[in-house]
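The structure appears below as structure tokens.
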Amino acid sequence: MSGLVDRHISFLEALRAAGLSVSLAEDLDAIAALSALDWDDRRVVHDGYAATLVKKQSQRPTFDALFDVYFPRMVGDGVAVRAGSDDDDGGEGGVRDNAEQLAGFRDELFDALSDGDQQALLQLAAEMVARFGAMPGRGPGLSSWSAYTALQRVSPSELVDRVVQALLADGRLDGEARREAGRRIGSFTKMVEDDARRRIAEEKGPEHVANVAIRPSIDRIDFTAARKSDLEDMRREIYPLARRLATRLTQEHHARRRGPLDFRRTVRASISTGGVPLVTHHKPKRPHRTELVVLCDVSGSVANFAQFTLLLVYALRDQFEKVRAFTFIDHVHEVTEHFTPGADVADVMTNLAAATSHAALWGRTNYGRALAKFEEQHADALGPKSSLLVLGDARSNYSDLNLDVLERLAGAARHSWWLNPEHRRHWDTGDSAASRYGEVVPMVECRNLTQLGEFVHDIL
Amino acid sequence: MPQPSTWFSSPDDAAARLAESGYLADPTTATTAYLAGALEKPLLVEGPAGVGKTELAKAVARTTGADLVRLQCYEGLDEARALYEWNYKKQLLRIQASHGDDQTWSETHDDIFTDEFLLTRPLLTAIRREEPTVLLIDEVDKTDVEVEGLLLEVLSDFQVTIPEMGTVSAVRRPFVVLTSNATRELSEAVKRRCLYLHLDYPDAEREREIVVSQVPDLDERVAGQLVATISRLRELDLKKAPSIAESVDWARTLVALEIGELDDKAVSDTLGVVLKHVSDQARAVKELRLRS
Numbered sequence: 022m023s024g025l026v027d028r029h030i031s032f033l034e035a036l037r038a039a040g041l042s043v044s045l046a047e048d049l050d051a052i053a054a055l056s057a058l059d060w061d062d063r064r065v066v067h068d069g070y071a072a073t074l075v076k077k078q079s080q081r082p083t084f085d086a087l088f089d090v091y092f093p094r095m096v097g098d099g100v101a102v103r104a105g106s107d108d109d110d111g112g113e114g115g116v117r118d119n120a121e122q123l124a125g126f127r128d129e130l131f132d133a134l135s136d137g138d139q140q141a142l143l144q145l146a147a148e149m150v151a152r153f154g155a156m157p158g159r160g161p162g163l164s165s166w167s168a169y170t171a172l173q174r175v176s177p178s179e180l181v182d183r184v185v186q187a188l189l190a191d192g193r194l195d196g197e198a199r200r201e202a203g204r205r206i207g208s209f210t211k212m213v214e215d216d217a218r219r220r221i222a223e224e225k226g227p228e229h230v231a232n233v234a235i236r237p238s239i240d241r242i243d244f245t246a247a248r249k250s251d252l253e254d255m256r257r258e259i260y261p262l263a264r265r266l267a268t269r270l271t272q273e274h275h276a277r278r279r280g281p282l283d284f285r286r287t288v289r290a291s292i293s294t295g296g297v298p299l300v301t302h303h304k305p306k307r308p309h310r311t312e313l314v315v316l317c318d319v320s321g322s323v324a325n326f327a328q329f330t331l332l333l334v335y336a337l338r339d340q341f342e343k344v345r346a347f348t349f350i351d352h353v354h355e356v357t358e359h360f361t362p363g364a365d366v367a368d369v370m371t372n373l374a375a376a377t378s379h380a381a382l383w384g385r386t387n388y389g390r391a392l393a394k395f396e397e398q399h400a401d402a403l404g405p406k407s408s409l410l411v412l413g414d415a416r417s418n419y420s421d422l423n424l425d426v427l428e429r430l431a432g433a434a435r436h437s438w439w440l441n442p443e444h445r446r447h448w449d450t451g452d453s454a455a456s457r458y459g460e461v462v463p464m465v466e467c468r469n470l471t472q473l474g475e476f477v478h479d480i481l
Numbered sequence: 043m044p045q046p047s048t049w050f051s052s053p054d055d056a057a058a059r060l061a062e063s064g065y066l067a068d069p070t071t072a073t074t075a076y077l078a079g080a081l082e083k084p085l086l087v088e089g090p091a092g093v094g095k096t097e098l099a100k101a102v103a104r105t106t107g108a109d110l111v112r113l114q115c116y117e118g119l120d121e122a123r124a125l126y127e128w129n130y131k132k133q134l135l136r137i138q139a140s141h142g143d144d145q146t147w148s149e150t151h152d153d154i155f156t157d158e159f160l161l162t163r164p165l166l167t168a169i170r171r172e173e174p175t176v177l178l179i180d181e182v183d184k185t186d187v188e189v190e191g192l193l194l195e196v197l198s199d200f201q202v203t204i205p206e207m208g209t210v211s212a213v214r215r216p217f218v219v220l221t222s223n224a225t226r227e228l229s230e231a232v233k234r235r236c237l238y239l240h241l242d243y244p245d246a247e248r249e250r251e252i253v254v255s256q257v258p259d260l261d262e263r264v265a266g267q268l269v270a271t272i273s274r275l276r277e278l279d280l281k282k283a284p285s286i287a288e289s290v291d292w293a294r295t296l297v298a299l300e301i302g303e304l305d306d307k308a309v310s311d312t313l314g315v316v317l318k319h320v321s322d323q324a325r326a327v328k329e330l331r332l333r334s
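Here it is, written out as structure tokens:
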């Protein structure tokens, strides 16, 4: 019994450490829920915990990963795998990892992938880590299972083309089949990583894994450190984020809408209460909308960040009077025309990527030159009603910064901000001129979707 | 220890009984619904529009024979429309009627703040009912933050405090379901008091069952094609992915138009039922090669 309570407590500790706010009341609820449920099914326990502890969908992946570590699906190789692999291994002590075995395994994997059979994939993931991910002979204390080794060895990503072919034969269309195949292999990769984590947790205790191996939730992942699959997820988050921001803004604006007293309406309304003005009426405030000029660095290091910010700004288009967007590397290029109302997100992204080449002359980031070009060609974009937003890491390859140009630009605009996707501790390291630009234009750290959302909300 | 509950006796029981009333719940939904009944805690259901959040509350009411009390939230909802209100006009009449009598002020005062002059609104109604009740608080995220504060007392203690009358406690705890489209993050205080369930689009098999059970006239084969098309549409980058409600609408459309085969032409002709943005339709036509 005490072991169970200990595990429960340490599971909760791990959740809190991972950023979920689990209160004592929810802790007790979870216990009550578990007492009301049968424990014969792992899924039921999982659902019970999820319903009482996780109140934000964005934290769900973190919860799932931690649950897998603290309440693993099986111990060691489990029962099912051992029974299944006995015959093709040729008895105990048979070679478990050679070229022939590898080819056989890949065929099996291919079948499961093209069928999309989740159960089989789960088993294959466990088997794969057991056979190809083991790292025997390392000293004690070192992890003896590696998802990386297993993935390198089997490299499921090489199966993409075969899976695509199988899906095409199944009647799927080209682009769709490729997406689907990519998704299946992505989810299989995740299964393998989960399984390796499970095995390590078994040997070293779950606390160790919880501390090092759990990724933050999607709205807290840094733009600059995001993987390809994360970027895809982030892009899907942009529209919901914009919608949430818009709702919040409308509500707040409504709350502040009361303008000066409307004398005529107040007196007219007072007639019905015998001339006593019980309720005052007010004139609505005139809404104020800003014109926004976005100037973004699209060089490799910060391209993702620029894209997300542009997408978010355009998703919130109706909150602004007008938006103009420029991209630069060492030359300035206007991209406003790509963001037509109702345009398709995927198309916009493709067009933006294609337009990047216009923003570069030599391809080395040069803030000074880009600012000068902007002043030369598009100075008319900035006026007393407009706000200037610069996006970039302020790493200018040690070239001339043209601080006076930025000063003039900031002076022409009503407000100006600089968003920097780097952590504050990296500012001014290497060729970063963050604080020198920051003296001219207020610089804000903006590393993830949460910070981006907060910033956009504050300027509106 | 598992105890018999007034609502459902086990997760399996919840799933079976919800299915009987026409709501096909997945295991997680059934488990959470059972927990909400067993722990007598409010259930917060979040998810995209049209995945059956409101329907869950209705199904619970149907299947347990309880009455549904519904509070539809909107911007500007206040205490007077959520909890209770004094019937001023009737109170005024009462005072005027007693004018000639020799009643003292304190008697009149006691008289006009009684049950007779109280207009109960959904929250108070649900609390005071003696029969089993399902209280549905729909689209909580639409309200202002202040209204959430109002809900707290109801959600945690199932009681409402009326200054003139005292505290009204629940005679019988209602089954409370709150729904939200997550357009706004609800406050921690509300979330802490609730169980949480995220409803998402169902897998193909379940969706087919749902469509067939809602539209029995639909041909099995067409249902399969329809669900396959819907799941392909959901994989595209759309502004608004088609919801379950929209698949059911689509099925009804196909039945009404007597389309017996969901080929490319039929899909592109009726695409407006499921996709409601021009850019989404254009994208679907392009990706699914409907008009090549």
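Note that the protein sequences, when read in sequence, are chains C and L. Counting in the numbering used here, the first sequence runs from 22 upward without gaps. Counting in the numbering used here, the second sequence runs from 43 upward without gaps. Yeah, the Cβ is synthetic: ideal placement off N, Cα and C, and Gly gets one too. As the structure is a computational prediction, the values presented were derived from the model and not from experiment.
- Leaving aside the five residues that flank residue 229 of chain L on each side, the residues in its chain whose CB is nearer than 6 Å to its CB run, in chain order, 190.
- Nearest C-alpha to residue 278 of chain L among L:328, L:70, L:104 and L:297: L:328.
- At a cut-off of 8 Å between C-beta atoms, residue 117 of chain L counts as an interface residue with respect to chain C.
- A direct Cα-Cα distance of roughly 19 Å separates residue 210 of chain L from residue 113 of chain L.
- DSSP, reduced to helix, strand and coil, places residue 292 of chain L within a helical segment of the structure shown.
- As a beta-bridge residue in DSSP terms, residue 204 of chain L pairs with L:208.
- For residue 83 of chain C, the nearest beta carbon of chain L is not closer than 8 Å to its own beta carbon.
- Buried is the label assigned to residue 93 of chain L, since at least 16 other Cβ atoms lie within 10 Å of its Cβ.
- At least 8 Å separates the CB of residue 137 of chain C from every CB of chain L.
- About 32 Å separates the Cβ atoms of residue 246 of chain L and residue 57 of chain C, ruling out a contact at the 8 Å cut-off.
- Proximity of residue 78 of chain C to chain L, defined by a Cβ-Cβ separation below 8 Å, is satisfied.
- Out of C:242, C:230 and C:217, the CA that lies nearest to the CA of residue 155 of chain C is found in C:217.
- Around the Cβ of residue 218 of chain L, a 10 Å sphere holds 16 or more other Cβ atoms; the residue is buried.
- The beta carbon of residue 131 of chain L does not come within 8 Å of any beta carbon belonging to chain C, so the residue lies off that interface.
- Contacts with chain L (Cβ-Cβ distance below 8 Å) from the stretch 26-55 of chain C involve 42, 44, 46, 47, 50, 53 and 54, listed in chain order.
- In this structure, the straight-line span from the alpha carbon of residue 203 of chain L to that of residue 269 of chain C is close to 30 Å.
- Minimum Cα-Cα distance from residue 198 of chain L among the listed residues L:325, L:77, L:76 and L:82 corresponds to L:82.
- When beta bridges are read from the DSSP output, residue 229 of chain C appears opposite no residue.
- Ranked by Cα distance from residue 454 of chain C, the first of C:336, C:477 and C:423 is C:423.
- In this structure, residue 146 of chain C places its C-beta atom within 8 Å of the C-beta atom of residue 212 of chain C.
- For the stretch 260-273 of chain C, the beta-carbon criterion of a distance under 7 Å to any beta-carbon of chain L is satisfied by 260, 264, 265, 268, 269 and 272.
- In this structure, residue 380 of chain C places its C-beta atom within 8 Å of the C-beta atom of residue 353 of chain C.
- Around residue 403 of chain C, the same chain offers 314, 409, 430, 433 and 434 as residues with beta carbons nearer than 7 Å, after the five sequence neighbours per side are excluded.
- For residue 91 of chain C, the CB contacts under 6 Å within the same chain, skipping 5 residues up- and downstream, are 32 and 227 in chain order.
- At a cut-off of 4 residues, the continuous stretches assigned as alpha helix (DSSP H) that sit fully inside the stretch 116-195 of chain L are 121-124, 130-139, 147-154 and 164-170.
- A contact between stretches requires three or more CB pairs, one per stretch, nearer than 8 Å, and the stretch 246-259 of chain L meets this requirement with the stretch 287-295 of chain L.
- Judged by DSSP secondary structure, residue 144 of chain C falls within the alpha helix (DSSP H) whose first and last residues are 139-153.
- Membership of residue 311 of chain L in the alpha helix (DSSP H) is indicated by the continuous run 306-311.
- Residues of chain L whose Cβ lies closer than 8 Å to the Cβ of residue 275 of chain C are, in chain order, 117.
- The three-state reading of DSSP puts residue 441 of chain C in strand, counting E and B together.
- Less than 8 Å separates the beta-carbon of residue 315 of chain L from that of residue 288 of chain L.
- Interface annotation, residue 329 of chain L: in contact with chain C, CB-CB separation under 8 Å.
- For residue 179 of chain L and residue 224 of chain L, the gap between their C-alpha atoms comes out near 14 Å.
- Think of a sphere of 8 Å around the beta carbon of residue 194 of chain C: the chain L residues whose beta carbon falls inside it are 329, 330 and 331, in chain order.
- Bridge partners of residue 343 of chain C according to DSSP: C:312.
- A distance below 8 Å between beta-carbons, with the five flanking residues on each side excluded, links residue 323 of chain L to the following residues of its chain, in chain order: 313, 314 and 317.
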